[in-house]
Structures are given as C-alpha cells and as structure tokens.
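Peer 1: Starting off with a structure, shown below.
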Amino acid sequence: MSATPPLFDLLLALGLVALALGCLFDRHLVRACSVFVGFALSMALAWWQLGAPWLALAEFSLGAGLTGCSLFYALGVLPPGSPLPSRRDWFREPFRQAAIRAVLALAWMGMIGAALRHSVPVMAYSPMQQPLLLAGVAMSALGLGAFALHRHLLRRLLAFNVLGSGVFLLLAGLTGTMAHAQALIITGLGVAWLGTLLGAMLIRRLYHLQGAKALISDNESIRQKRQGP
Amino acid sequence: MSIRFGLVESSVAVLPFTQPALWVALGLPCLLGVLGAWLRPQRTWPILLAGLPLAASGIVLLMIVEQHGLQRWQLEWGKLTVQLRLNGLSVLLLLLTQGLGLVAALYTPGELRHADPAQRRLERWLWPLLGILVGSLSLIWVAADLLTLYVALELMGLSAVGMLLLPGKVESLVAGIRYLLLALVGSLSYLLGVALILGHWGRLDLAGLVQVVEAGPVAWTAAALLGAGLALKAALFPLHAWLAPVHGNAWVPVSALHAALVIKASLFILLQLWSVLIPDSLFAAQLVAWLGVIAIFWGGGLAWRAVELKSLVAYSTVAQMGYLMVVFPLLLGPGIPASVQGLAWQGFWLYLVGHALAKAAMFLAAGNLILATGNTTLQGLTGASRQLPLSLLAFGVASVSLIGLPPSAGFTAKWLLLRAMVIQAQWAWVAALLLGTLLSAAYVFRVFRYSFVETAPHYAFRALPPWLDGLALGLALASLLLGLFAYGPLTLLQGSR
Amino acid sequence: MNAAWLPPLALSTSLVAAVVIFALPESAWRWRTGVNLGAALVKLTLVVLLGYRVVEGHYDTLRFPVVEGIDFVLRADALGMMFAGLSSLLWLCTTLYAIGYLENSPNRKRFFGFFSLCVGSTLGIAMAGNLFTFLIFFEMLTLSTYPLVVHRGTPKALDAGRVYLRYTLSGGTVLLLGVVLLYSLTSEHSFASEGGLETFLPDHRGLLLLIFALLVGGLAVKAAMVPLHGWLPRAMVAPAPVSALLHAVAVVKAGAFGILRVVYDVFGIELSVELGVTTVLAVAATVTILYGSLRALAQEELKPRLAFSTISQVSYIVLGVSLFGPFGTIAALTHLLHQGLMKVTLFFCAGNYAEELGIHRIDELDGAGRRMPLTSLAFTVGALGMIGLPPVAGFITKWYLGMGAIQAGMPWVIAVLVAVSMLNALYFLPILYRLWFRLGPAHGHGAWPEERRLGRLETSAWLLWPMVATALLSLGAGLFAAMPFSPLGWATAVALGEYLP
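Protein chains in written order, with full-length UniProt numbering: chain A, 1 to 229; chain S, 1 to 497; chain H, 1 to 501.
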C-alpha cells in the first residue's frame, strides 16, 4: 500500500457513496430525489475525472437532467399539477421479510464482489488504488439491497438508478474507457432514463387510478382486490 | 457448441442481395410501425400488404443461407465494430419472428375493435412498439457481439414493457411496473457480466471470444451474472413470478408475442453466451436442469390450479420453459458425444419454435374465447363447445403441440430430446419429461372439460369474425405440421456450414 | 410398381371428410350425410384396391424422413389391410347407424367430425409402417375419441372422459418411452424389415425385456387388459355408435393390433418365445378373459355386460398371439375380424333396444323378441357367436385357439377356453331366454320403459339395416370360412405367408 490514491478520487468516491446512502434511505421522497440529482452530478464529475468527457455529458444530460425530471414528474412536483399528497414513504414491512430480502440481495452482491476481487488483479493487490471501483461495488451493493428492501415504487426506481450507476462505474473501472465500454455505458444510461420515465408515467397513472396505496406494494394491492369481493 | 451458433471466424465474401435483405428485415418493421401509428389500420389487408416485403426479405435470406451457408458481416462505425452473422438457426428464428409479428399485427384490429373504449386511449402506440419489438428481436437473432446484443435486448425489453402497459388497467400497470423494474435490474446484471468479459479479455465479439476464453473464475462469474440477468428476463423457474400477471392483463396479440418470442430471445442469448463462456461446465448446466425439473412441476401445478384462462396459459409457459432448461446438460458439459449434442440441439430449437407457434396460437384462441364469452375464467367456458367450435378447435390443436402429442412439433422435439437423454442414460430427465407431459395434459384438458358441459345454462356469446379464429387455427396447424415436416428445418439447423 | 399416393389417399378420405364436416354448418344435414357416406364408400373402395394390390404383391409405401434416421412410413401390407378392411367396412355401417341414432340430437357436426378423425386414425394405425408412425396415429386416436366419449356432456360422461384420458395418455407415454428405447437400441426399424432384434439378444436381454414390457404395457391399456381395463366400462356412457366403434373396432382393436405388430413385426415370434414373454402374455390374457367374463356375469345392464364381454373377448387375440404356431396366429388374426363384426352387431342391438323401447337393463328385455324380431335375431347371432357355437364366426376362433394351444404345448389353455365358453353361455343365454321365451310387454304384460315408434318397421331403417348387415356378415364369416377371401382365408394367408418360419 505504498502509493496513496489521488485525493480527489477518494473524496469523490466517498461523496458518491454518501449521496447514494442519502437518496436511498431518506424517507422524504422529494429530498431523496434532490439528493439523487446531486448524486448524478457527482457521477458526471467522476466520468470527467476518468477521462470520458462524452460520458460526463451524457450523465449530466441523461442522468441528472432527464432522469431527475422524470423522478420529479413522478412525484408531481415538476409540472405543478396534481401533487401526490404524501411525499413520504411511511410504509413499513414486517421486519423479518424485509431483512431476508435485503440479506439475500447483499449476499448476492457480496458473492459478486468476492468474484471481482478474485478475477481482477488490481483489486486484489491494492484495492485502495481504485477508489471509484470500490465506490462502484459499494453503490451497486447498496442499490441492490435497497431495491430488495423497499416497496415504494419510486424508491425502487431510485434504487435501480443507483444500482445502475454503480454498475457503470464498475464497468469503467474494469475496462477503462475504451470505445466499446463507453458505448455500453451510454446505452445503459439511455435505458435507465427510458425505464425511469416509463416508471414515472406508470406511477402517475397508478396514483390517478388507485390512490396512494397502489404505489406501495408490488402485487399485494391486486391480491387484496381479488380477494375482496 | 459455439460452432452450431455460427460463431466462427471466417472471411466469407458477402453476396449481393444479402445486405439489402438484412437491412429490410431489421429496419422495415420499425418503419412500418411508425406508419401504423400514423394510419392506424382498421382492416387486415393493408397490414398483410405491408407485411409482404418483410416476409420477402426473410425468404431471400433463407434462400441465401440454404445455398451459401453461414453469412457474416462486420460493420465499422467510428471506433465501434458491429458483428452480425446469419446461419440456419438465425434465419429460422428470423422467419418465425416475422411470421408471428405479422399474425399479431393482423389480429390487432380485431382485438381493438372489441376492446373497452377506455382501454383504447393508447392504441396508437401499439404499432411503433410492435415494429421495434420485431426489429429488435430480428437483431437479437443475428447479432454476434455483446454490445449489439445488449442494445437489441434493451430495445426489445423496453418495447415489450411498453406494449404490455397499453391497456392501462390497474392490474396491467401493476404487473407492468414490476416487470419493468425486474427487467431493468436483469439488464444491469447482464451489463456487469459484459463488463467482466470486456475487462478481462478486452473484446466483445463472440467469435473472437470463443478463441480466447478459458475456464476460470472470470468466465464463471461472468456466466453467472449474464445467466442471472437473462434468466430473470426469460422467466426461468425461480425468477418467473412476474410472468403470469403480465400475460394475464395485456392485450392478446401482445401476450402472444411476448410468450412466444420475447422470453425465448433471452433464453437464446443465455444459451449462446454460455456456449461461449462455459462450454464444459458440468455444474451450471446441471443446476439449470434441476431448476427446470422443478419448473415443469411447479408451473404445471400452478396451471392446474389456475382459475383464469389466460393465467393457465401463462403458467404453462413457466412449465414449458422448464423443458428447455432440462436440455442444458445435454448441450453444455464435458465430453458430450457429438451425436447426443446434435439430437439435443435439434430437439431444443424444434421445441422452442413449436412452442412459440403453439403458445401464440393458444393465446389467440384464448383471447377469442374470452372475447366471445366476455368471461375470463375457465368456468365461463361451460358449454362453449357448442357455440365456439372453431376457437376451441384452435385451442385444442395448439394444446396438442403444447402437451407434446404426435404429430406436433412438441412431440417430435420431445422424441429427439428423449433419444438424446436415453443415449446419455439421464433417466431423471426422461422421467421429468414424461411426467411433465401427463401433467400438461391434465391442465389443458381442464379447459375442454368445462367446454363440453351440456347441462350448463347458455350464456349469450358474442359472434366473432371468422378470421380471428382463422389466425389462431393457422398458427396451431403450423405448429402441428411442423412436427411431421421437421426434416427441412432440422437440416437447416444442423447445417455446419 | 409402387403407388405411393394410394395409402395417403385412403387416409385422407376420412381426414378430408372431417375437415369438410367441421366446415359445414350444424344444420346442413343432407350435405353432412352425403360427405360421410361418400367418404366411407370411397375409403372402402380404396382399401379394397390396396388389399387387391397387396395380393398381387405390390406393397404400396409412402415414406419421408421426419427426423434424421426416422421416417414417416405408410405401408399397405397384408396384416394392415386386414385391419383397414375391417375398420372401413364397419365405419360404413356405423356411420349409417349413427346418422339414424343421432337424429335430432345436438352437436352432430362435432360428433361426425371427430368420428371421421377417429376412423382416419384407425386407418393410419393399420397402415403405419413403423412404430414411430404407429405411435402418431395411436395418440391421434386417443385425442379424437375423447370428444366422442364426453359427447353427451353430462357429469358422468365428463368423468368417464377424464378416466379415459388418464388411462390412455399414461399408456401412450409408456409406449412412447418404449419406442424411444427401441429406436435408440436399433435406430430405424420398420415393420417390414426382416429380423434384426435377434442380434441384440446376447448383450441386451434385459433391455429387450424392458422394451417389450413397455410397449405391450402401453398397448394393453387400449386393449383393456386387466388391470388396465378401468376406462372401458365407464366409457359406456357414450352414444351407442361410439360404443360400437370404440369397442368393436377402433380403440381396443388398435391396442390388440399393436400387440400383434410388436410381437410379429418388431420382435418376431421366435424372439418373443426365446425371451419367454409369450407365456407371460398368455397368462395375462387368460386372467383378462376370465376376469372379464366373471364381471360381465355380474352386470345388470346391457351395455356394461357387453363392455366386460369385450374386455374378455379382445384378449382372445392376445392369447392367440401368445400361442406359438400357425394355428394360434391364425386364431388371433381371425378373431380380430370376427370379434369386430359380432361386437358391433351386439352394440347396435343394444342401441336399438335403448332407442326404440328405452331398455337399458337386462330384466326389461322380457319378450322383446316379439316386438323387435330382427334386432333380437341379430342379437342372437352375435351372442351365439360370442359363446362360440358353430355356424357363427366365433366358433372358428375358438376352434383354432384350441388347436393352437395343443400345437404350442399349452393344453391348459383348452381348459380355460371351455370354462370361458361356459361363462359366456351363462351371461348370454339368459338374455336370449328373456328375449324369446319370457312374456313381456309385447304379450300384454307391463309396459316398455319408454317406447317410441321410430319407423315403419320395428325401428328406424337407419338403425335396422346396418345391424342386419353386420349380423349377416358375422354369420357369413363363419359359414363361408373356407372361401378364399373370408377372414379366415385372409388370416391364414397372412399367417402362413409372413409370420411363420
């Protein structure tokens, strides 16, 4: 561990993880989305730092701009129309179920992390040399855990986006910023935005049809509806 | 195995006509989709007319592959290279996609005409999405590098989700958003696998990867990541829960296409990538096969207990994917004799194609029955055999193939698979296949049991235009006759050129 | 000279008829009847032509590959033509009968469509040139008979259909496994190939035994051998023409015919003897024969009694197969035809009693001979034939079975035959006694359960004449057994020409 990592990278990595934590575990949804925009901006910075200006631009426009807009649209903030009444996620699941899901997700991520460490020599010898790669691992683990933990659709969308950013960082860390990797990441960013947009539209529509309850669970509302009459 | 996918490095001179035909096959569906959104066809003949050049391109490609064997392209685009290849398998799947896409498009006006006006707000969007879906599926069959595959996979996934959401009912939205989220996570897993491959071997073209990949932790991890992501998208057994609600609530041609092709595309990619990455892995293939065995019985059991007609059809998809999973140890693994692998290979694709045709036919027939009876449950079919003989006949012929009774494609495929398993003395798989057959017969015949009841009160059935039944029956018969006339397609599949 | 188009043409007559019938509207009675009868006549002609060509030595064969190494083969050979002739002849009779029987009942279109499919599959079974093709038509038969069994749509019929499917689909699956095992042992093995399996005897004796067990086990379900017979009595809820066709020709005979094929054409009779399976078959057949007869004795309704009698009678064929030697073979082949003719007659009679007089139970038959003399005469002919009394066809079979038993060195079979004949007499003679000698409603005692006057004669002409025809045929087959093209003559030719060393 002779060489110290570049300080800026380290700070950036720490900042990214902190922002990811913030946007994933804040129950106040507007705040969480705002944090996500900040997170996306730091991602753009990270791409710049990694020497991929095109990616930074894409992240800035697609990730921070369009995805952020989609999220705010889902929250009913952006076109100042009919806002969602509660912008907090109060839903709590029985602890055991949530814990089992989160543990499963983290175990899966842990396995991947171990395998990465095994398969990528840099990680094995001097993990601290690659703070962004580490941040990528942490972010994808957090994202997957949150994705498994949360039931609120918007929070799941957020979790997916963080997971995606983590995977992109990992990809860049593993491959460098060769043309193919950039193409993959840009496609991934586009898909993430389209998916978020679609999800946001769905959330609005569901809220319109069913009220706030529809946003919380996956299929329980349907199941209850079936059993009702 | 990878040779069978046409993943060989060769410099074949590209023949004239090939490239234009390929562009037509890939691009025309999207173009037609846009046109459809603009014109919103209400009749079938314009759709049929528009589909003709598409089918012509497929047939031209078929003839080229039949005469000249494998075709490869390498397109440079800046620093990116895109690799495409066309062999017997891709051409067959391409033709299947075009045919099923055309049938779905032909069925659509009829479905929309009878749909609830409240659900038709977004009908305009169906056409471009259908076009993109067919185009991206076609791209999946011909793509030979991981980047193109990723792009095509995402296009397909998003357009599929979009199509499934169009009815706008609460149920379809809830099912759709769940599918969307899972599919997105699945593609991230895929991407992570690709990242490992790119990071370690520095290339994405499959034919090149075949040369450089060596077994080891990287290959295993990448295969696991790719496998998990694609299995999620293909609704392979433990990851199948999203499938039935999605199919149950979408428009009929959409469910038909989705069950017939979209999930199969993910399976296609999965098998292709595994044959590159872990051609000799014993464990992974065995794991998939055991999951497949569970899927056969789990899916069959769920279908047996299903209350609604469409969910019966959807759960049967879970079980049917199980049969395909069971074949994995005969395709991948150390020291499989070429003869066994050949049998399993033919059986696998014949089963997939036969199931695609039969499942699409079954969804269309089920849709007809639901449209006519106005009731989505099995119970609503009581006494339908007197009123709706044609729809039931289509359902029946499709289920013959689904169960795997002769002379259907399902039967011939099962025959090939059973022979491969018997030669390899894999008795567990043989038992699973045979018992699964009986189970599928059990759940399919529930439908007929209801429909033959004569003592039931007579419901008012709506009369349907006969071409709706005709489409379903045509697909079902195609699946049936494919079993008897499988020789041509199978030689095309086997062609090593 | 190979006329490859002839077998598929004969097959397509019933398939095309099925398609046309499905396409016609329910109300098009005339058209449907015309198509039915026309197809039946054309098919009979074609089968006779095929049979004639077989006699001349042309085995017309259609062959194309389905999968590498496996062909779809339709081949006209002597044994197949025997079965095909029987099925097409009885199809004609049964169609006529069914047209009268189902007059004014609902769902006739569905009935006749599947009826044609069912007969088409039977012809396919008869002409199948290898086990793969045989299996295709065997399963097609299962599927096309299901709608006929559940035709009435009552809960009882639906249950019967479910039981029927359970048995036959399981049997089909077992058969499939056996066929696949056989193919993986031998690759292509058509019925026409000479010998072949003997070469595997030293190394694969156990496997051969297993394959034989699977094949015959799967076929025995359709042949309704004990203990796999449970579906047959229940399937009696179907309309009478279906019972006639199912029990006399299509389904049970398909099973028995399959066993014939497996023993003679796949394994070869010498190999079967060598493996020791013929003794097992003989015991199984004996058990079935005795059990069926005993159960028949206990039935109080007419159709179930006939059903159990079928279970018993079909196993005569299997018994004949298991008796090594020309007489056993001849007995098996002859009984395939004779039993079909006689059983069809009996079921037609039972249907007529039910339609005309509403009779279902045996004790309601008192004095029916006076009211319906022709029907009762036909019934008498059939019943006497079943018992095995001389002029009727059934006698021939029993005689040859007995000779075969002596030839094969299994004299205990004769004891069984005598016992079964006694049982047959015990359950058929009381019926005849009631028909002719008891006084009943026709003599002014009591009333028929539900009398309808369907025609100028004792019942509708559609119901009457097919029955008379089959009764005369059963009588004729016995009386003119020595003629060259009688069932016995054909069976002897087949047995001596093809299967015996």
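Ideal Cβ positions, reconstructed from N, Cα and C, are used throughout, including at glycine.
Keep in mind that this is a model prediction, so the values were computed, not measured.
Quick check: is the beta carbon of threonine 67 (chain A) nearer than 8 angstroms to any beta carbon in chain S?
Peer 2: By 1-based counting over the first sequence, the position of residue 67 (chain A) is 67. Cβ-Cβ to chain S under 8 angstroms: no for threonine 67 (chain A).
Peer 1: Could you tell me which of S:Gln341, S:Phe485, S:Leu35, S:Leu39 sits nearest to proline 406 (chain S), measuring between CA atoms?
Peer 2: What you label residue 406 (chain S) is simply residue 406 of the second sequence in a count that begins at 1. Just measuring C-alpha positions, the residue of S:Gln341, S:Phe485, S:Leu35, S:Leu39 sitting nearest proline 406 (chain S) is S:Phe485.
Peer 1: Roughly how many angstroms lie between the CA atoms of proline 229 (chain A) and isoleucine 370 (chain S), to the nearest whole one?
Peer 2: Position 229 of the first sequence, counted from the start, is the residue given in the question as residue 229 (chain A). Position 370 of the second sequence, counted from the start, is the residue given in the question as residue 370 (chain S). Annotation note: pLDDT 32 at proline 229 (chain A) (below 50); position unreliable, no value reported.
Peer 1: Quick one: is isoleucine 211 (chain H) buried, meaning 16 or more other Cβ sit within 10 Å of its Cβ, or exposed?
Peer 2: The residue you call residue 211 (chain H) lines up with position 211 of the third sequence. The residue in question, isoleucine 211 (chain H), is buried, as its Cβ has 16 or more Cβ neighbours within 10 Å.
Peer 1: For isoleucine 112 (chain A) and chain S, any beta-carbon pair shorter than 8 angstroms?
Peer 2: The residue labelled residue 112 (chain A) in the question sits at position 112 within the first sequence. Closer than 8 angstroms to some Cβ of chain S, the Cβ of isoleucine 112 (chain A) qualifies, so yes.
Peer 1: Could you please give the first and the last residue of the uninterrupted alpha helix (DSSP H) stretch that includes isoleucine 431 (chain H)?
Peer 2: Here residue 431 (chain H) refers to the residue found at position 431 when the third sequence is read from its first residue. Element bounds for isoleucine 431 (chain H): 412-437.
Peer 1: Along chain S, in chain order, which residues have C-beta atoms closer than 7 angstroms to that of phenylalanine 72 (chain H)?
Peer 2: Residue numbering aside, residue 72 (chain H) sits at position 72 when the third sequence is read from its first letter. Result: Leu484.
Peer 1: Check distances from the C-beta atoms of the segment 175-203 of chain S to those of chain A and list, in chain order, the residues that come in under 7 angstroms.
Peer 2: Gly176, Ile177, Arg178, Leu180, Leu181, Leu184, Val185, Ser187, Leu188, Leu191, Leu192, Val194, Ala195, Leu196, Leu198, Gly199, His200
Peer 1: Residues of chain H with CB closer than 9 angstroms to the CB of leucine 434 (chain S), please, in chain order.
Peer 2: As a first step, residue 434 (chain S) must be located in the second sequence, where it is residue number 434. Within 9 angstroms Cβ-Cβ: Thr173, Val174, Leu176, Leu177.
Peer 1: In the DSSP assignment, the beta strand (DSSP E) including phenylalanine 461 (chain S) goes from what residue to what residue?
Peer 2: Here residue 461 (chain S) is taken as the residue at index 461 of the second sequence, counted from 1. Careful: phenylalanine 461 (chain S) lies outside any beta strand (DSSP E) and carries neither H nor E.
Peer 1: Examine chain S for any beta-carbon lying closer than 8 angstroms to the beta-carbon of glutamine 210 (chain A), and answer yes or no.
Peer 2: For this step, residue 210 (chain A) is matched to residue 210 along the first sequence. Yes, because at least one Cβ of chain S sits closer than 8 angstroms to the Cβ of glutamine 210 (chain A).
Peer 1: Which class does leucine 70 (chain S) belong to by DSSP, given the choice of helix, strand or coil?
Peer 2: Residue 70 (chain S) sits at position 70 when you count from the first residue of the second sequence. Reduced to three states, the DSSP call for leucine 70 (chain S) is coil.
Peer 1: From the DSSP secondary-structure annotation, give me the bridge partner or partners of residue 557 (chain H).
Peer 2: With chain H represented from 1 up to 501, any question about residue 557 (chain H) goes unanswered, as that position is not in the structure.
Peer 1: For the 8 angstroms Cβ check, are there 3 or more pairs between the segment 216-234 of chain H and the segment 251-267 of chain H?
Peer 2: yes
Peer 1: Can you grab the Cα-Cα spacing for the pair arginine 43 (chain S) / glycine 230 (chain H), in whole Å?
Peer 2: Sequence index remark: in the second sequence, residue 43 (chain S) carries index 43 (1-based). Sequence index remark: in the third sequence, residue 230 (chain H) carries index 230 (1-based). When rounded, the distance between both Cα atoms is 53 angstroms.
Peer 1: So leucine 365 (chain H) is in the beta strand (DSSP E); what residue range does that whole segment cover?
Peer 2: Numbered from 1 along the third sequence, position 365 holds the residue referred to as residue 365 (chain H). It is not in any beta strand (DSSP E) - leucine 365 (chain H) carries neither H nor E in the DSSP assignment.
Peer 1: Relative to the C-alpha of isoleucine 125 (chain H), which candidate in H:Ala76, H:Arg108, H:Thr286, H:Thr492 has its C-alpha closest?
Peer 2: One-based indexing of the third sequence puts residue 125 (chain H) at position 125. Minimum Cα distance to isoleucine 125 (chain H) is reached at H:Ala76.
Peer 1: Helix or strand or just coil, what does DSSP make of arginine 295 (chain H)?
Peer 2: Taking the first residue of the third sequence as position 1, residue 295 (chain H) is located at position 295. Looking at arginine 295 (chain H) - three-state DSSP - the assignment turns out to be helix.
Peer 1: So what's glutamate 26 (chain H) in DSSP terms, helix, strand or just coil?
Peer 2: On the third sequence, residue 26 (chain H) is found 26 positions in, with the first residue counted as 1. Three-state result, glutamate 26 (chain H): coil.
Peer 1: So, with DSSP's three-state summary, where would you put aspartate 205 (chain S)?
Peer 2: Numbered from 1 along the second sequence, position 205 holds the residue referred to as residue 205 (chain S). Aspartate 205 (chain S) falls in the strand class under three-state DSSP.
Peer 1: In terms of alpha-carbon separation, which member of H:Trp448, H:Gly404, H:Thr334, H:Thr345 lies closest to leucine 79 (chain H)?
Peer 2: Taking the first residue of the third sequence as 1, we reach residue 79 (chain H) at position 79. H:Thr334 is the residue among H:Trp448, H:Gly404, H:Thr334, H:Thr345 whose C-alpha sits nearest the C-alpha of leucine 79 (chain H).
Peer 1: Nearest-angstrom Cα distance between glycine 476 (chain H) and alanine 393 (chain H)?
Peer 2: Translated into positions along the third sequence, residue 476 (chain H) becomes position 476. Translated into positions along the third sequence, residue 393 (chain H) becomes position 393. Their backbone Cα atoms lie some 8 angstroms apart in a straight line.
Peer 1: Identify, in the order they occur along the chain, each residue of the same chain with its Cβ nearer than 7 angstroms to the Cβ of alanine 332 (chain H), setting aside the five sequence neighbours on each side.
Peer 2: The residue labelled residue 332 (chain H) in the question sits at position 332 within the third sequence. Same-chain partners within the cutoff: Leu260, Ile317, Gly320, Val321.
Peer 1: In the DSSP output, which residue or residues are listed as bridge partners for leucine 80 (chain S)?
Peer 2: Here residue 80 (chain S) refers to the residue found at position 80 of the second sequence. Note: leucine 80 (chain S) sits in a beta bridge opposite S:Trp77.
Peer 1: Which of helix, strand or coil does DSSP assign to leucine 86 (chain S)?
Peer 2: For the purposes of this step, residue 86 (chain S) is taken as the residue at position 86 of the second sequence. In this structure, leucine 86 (chain S) counts as strand in the three-state DSSP scheme.
Peer 1: Can you pull the chain H residues whose beta carbon is under 7 angstroms from the beta carbon of serine 385 (chain S), in chain order?
Peer 2: For this step, residue 385 (chain S) is matched to residue 385 along the second sequence. What serine 385 (chain S) touches in chain H: Arg110.
Peer 1: Please list, in chain order, the residues of the segment 244-267 of chain S that have any C-beta partner in chain A closer than 9 angstroms.
Peer 2: Pro245
Peer 1: Quick test of your reading: leucine 80 (chain S) and alanine 179 (chain A), contact by CB under 8 angstroms. State the CB separation rounded to the nearest angstrom.
Peer 2: Translated into the one-based positions of the second sequence, residue 80 (chain S) becomes position 80. Translated into the one-based positions of the first sequence, residue 179 (chain A) becomes position 179. Distance from leucine 80 (chain S) to alanine 179 (chain A) at the Cβ level is roughly 6 angstroms; contact confirmed, criterion being Cβ atoms closer than 8 angstroms.
Peer 1: Considering only the alpha carbon of each residue, which of S:Met321, S:Leu291, S:Ser311, S:Phe411 lies closest to threonine 376 (chain S)?
Peer 2: Residue numbering aside, residue 376 (chain S) sits at position 376 when the second sequence is read from its first letter. Looking at the Cα atoms, S:Ser311 is the closest of the given residues.
Peer 1: Using C-beta distances below 6 angstroms, list every residue in its chain close to arginine 434 (chain H), excluding the 5 sequence neighbours before and after it, in chain order.
Peer 2: Numbered from its first residue, the third sequence carries residue 434 (chain H) at position 434. So the qualifying residues of the chain are Leu365, Asp366.
Peer 1: Any beta-carbon of chain H closer than 8 angstroms to the one on alanine 306 (chain S)?
Peer 2: Start at 1 with the first residue of the second sequence, and residue 306 (chain S) comes out as number 306. Not one chain H Cβ lies under 8 angstroms of alanine 306 (chain S).
Peer 1: Considering only C-alpha positions, which residue in the set H:Pro241, H:Val273, H:Pro147 is nearest to phenylalanine 324 (chain H)?
Peer 2: By one-based count along the third sequence, residue 324 (chain H) stands at place 324. It is H:Val273.
Peer 1: In this structure, what does DSSP give as the bridge partners for alanine 128 (chain H)?
Peer 2: Walking along the third sequence from the start, residue 128 (chain H) turns up at place 128. Paired residues: H:Leu74.
Peer 1: Which residue marks the beginning of the alpha helix (DSSP H) containing threonine 173 (chain H), and which one marks its end?
Peer 2: Counting from 1 along the third sequence, the entry for residue 173 (chain H) is found at position 173. Where threonine 173 (chain H) is concerned, the enclosing alpha helix (DSSP H) stretches over 155-186.
Peer 1: Going by beta carbon distance, what residues of the same chain come within less than 7 angstroms of glycine 58 (chain S), once the five residues before and after it are set aside?
Peer 2: For the purposes of this step, residue 58 (chain S) is identified with residue 58 of the second sequence, where counting begins at 1. Ala25, Leu94, Leu95, Gln98.
Peer 1: Assuming contact is defined by CB atoms lying nearer than 8 angstroms, are residue 498 (chain S) and alanine 183 (chain S) in contact in what I supplied?
Peer 2: Here chain S comprises residues numbered 1 to 497, so residue 498 (chain S) is not present and cannot be evaluated.
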